[in-house]
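As structure tokens, the structure follows; a few thoughts come after it.
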């Protein structure tokens, strides 16, 4: 599975959009981009995933560049409860065994 | 649905003791796994299972055993606890769509301290 690079930390003002970048320059054609988040040492929570098209759900939007070497997770109106560590993971759709490889992620701090 | 449950929430062991961390899910998921998370680090895969009777090693399997006798339960056994196994342990489960594994659901974690 391809590796990912994320900034260590980011700040965002409450009510503004939070844009979290992720680089995955070695991604292969059958690999998806997943985003999970972990709030205050709770179990990680799935946010969104995509292959090549932009995706949106009730939590966030995922923008994947045309060459698929990077992506951005967008939280459109960040709240204090969105303060968490966000993990960008590249894997075949769940992988043949469903395994996910977590890096250190980006610590997002939403400030009032 | 209770989702993925883990017991105990917190445990203190002495070096050399053994114990079993319990994980159960009520979603009829075929895939289950165990991760550990050390302070300031991401999660690392210990063992996983793609169905009852089938288990395999992940990235950091040494010192741990697993078994999967039922779809619902996936216990993690520490054979002889060491201080290096002090960590937070997360269990996760996922279902198969037939061609691929879907979103993983994580339990609340077990915090283990080995003295």
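Protein chains in written order, with the numbering used here: chain A, 1 to 112; chain B, 1001 to 1115.
All residues carry an ideal CB built from backbone N, CA and C; glycine is no exception.
Where the beta strand (DSSP E) through residue i begins and ends
i	result
residue 143(A)	An answer regarding residue 143(A) cannot be provided, because it is not within the stretch 1 to 112 covered by chain A.
residue 23(A)	18-23
residue 1060(B)	Premise fails: residue 1060(B) is in no beta strand (DSSP E) and is neither H nor E.
residue 1007(B)	1004-1007
residue 50(A)	45-50
Closer than 7 Å: residue i CB and nearest the ligand GDP heavy atom
i	result
residue 1036(B)	This structure lacks the ligand GDP, and indeed carries no ligand of any kind.
Candidates the options: closest to residue i by CA position
i	options	result
residue 968(B)	37(A), 56(A), 48(A)	Because chain B is modelled from 1001 through 1115, residue 968(B) falls outside the range shown and cannot be assessed.
residue 1008(B)	1058(B), 1103(B), 1047(B), 1089(B)	1089(B)
residue 1070(B)	1077(B), 1053(B), 1058(B)	1053(B)
residue 58(A)	85(A), 27(A), 73(A)	73(A)
residue 5(A)	61(A), 24(A), 82(A), 45(A)	24(A)
residue 1023(B)	1081(B), 1014(B), 1013(B), 1049(B)	1049(B)
residue 1063(B)	1036(B), 1072(B), 1041(B), 1040(B)	1036(B)
residue 85(A)	3(A), 41(A), 71(A)	41(A)
residue 27(A)	20(A), 112(A), 8(A), 66(A)	66(A)
residue 1002(B)	1018(B), 1029(B), 1020(B), 1015(B)	1029(B)
Presumed contact (8 Å Cβ cut-off) between residue i and residue j, rounded CB distance
i	j	result
residue 22(A)	residue 88(A)	3 Å
residue 1004(B)	residue 1067(B)	About 18 Å; that fails the 8 Å criterion.
residue 1045(B)	residue 1058(B)	3 Å
residue 62(A)	residue 110(A)	Not really, about 19 Å apart at Cβ, beyond 8 Å.
Closer than 8 Å, Cβ to Cβ, to anything on chain A: give me those residues from the region 1104-1115 of chain B, in chain order. Cβ contacts with chain A come from 1104, 1105, 1106, 1107, 1108, 1109.
Determine contact between the region 1076-1091 of chain B and the region 96-110 of chain A, defined as no fewer than three beta-carbon pairs at a distance below 8 Å. no
Validate contact between the region 1103-1114 of chain B and the region 1076-1085 of chain B using beta carbons, cut 8 Å, 3 pairs: By the Cβ rule, the region 1103-1114 of chain B counts as touching the region 1076-1085 of chain B, because three or more pairs are nearer than 8 Å.
Residues of the region 1058-1090 of chain B with a CB closer than 9 Å to any CB of chain A: list them in chain order, please. 1058, 1059, 1088, 1090
Where the region 5-23 of chain A meets chain B: residues whose CB sits under 8 Å from a CB there: none
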